[in-house]
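Heads up, the sequence shown is in this note's numbering, so the first residue is 6 and it goes up one at a time.
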Amino acid sequence: SGHTKNDEADRAAHRLANDVQDKRFGFEFFRDGPAREGWLTTFSQTTYVDPSTNAEHSCVHFYFVQQNGAKFKAAVRMHPYILLGVQEGREKELPDVEAALRRLHSDYILDTQQIQKNDLDQPN
């Protein structure tokens, strides 16, 4: 995957240090049990390693404080994404581009979507 053992060890040490710091501030992982409600205080991008496959995945940690002052954090797996722009007048080529990307990178593409974006540089 292009990562060295040192890179993996550094990321693992960083994740562990973050977990230790989170516990020090009272944020325990919410993994299962009855639903909890709380105010979202912050979030951070991180990674986790799936113990069953040893694969590293992107995720976001969300940090909450409950009404009674108890704290918890939850992790949500996030899939990386890219946005590709299309030159005006070439929109009809999108299905061919999508098919080529899926064929060439089928192991890496989870989903594709066509969305309409507004050019924010246009005057009002």
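Think of the CB as a built atom: it goes at the ideal place given N, C-alpha and C, for glycine as much as any other residue.
Check, Outcome
"Going by C-alpha to C-alpha distance, which of Tyr68, Gln92, Leu109 and Pro85 sits closest to Glu42?", "Tyr68"
"Starting from His2, follow the alpha helix (DSSP H) in both directions and report where the run begins and ends.", "Outside the shown range of the chain (6 to 129) lies residue 2, about which nothing can therefore be said."
"List, from N- to C-terminal side, the beta strand (DSSP E) runs of 3 residues or more that fit wholly inside the segment 14-54.", "none"
"Helix, strand or coil for Ala75? Go by DSSP, reduced to three states.", "coil"
"Among the residues of its own chain, which have a CB less than 7 Å from the CB of Glu103, if the five just before and after it don't count?", "Thr117"
"Nearest-angstrom Cα distance between Phe77 and Asp27?", "9 Å"
"For the beta strand (DSSP E) that Val70 lies in, which residues bound it at each end?", "Ala60 to Val70"
"Using the beta-carbon count (16 or more within 10 Å), is His66 buried or exposed?", "buried"
"If you run the structure through DSSP and keep just helix, strand and coil, what is Val102?", "helix"
"Alpha carbon to alpha carbon, how far is Arg36 from Asn123? Give it in angstroms, no decimals.", "39 Å"
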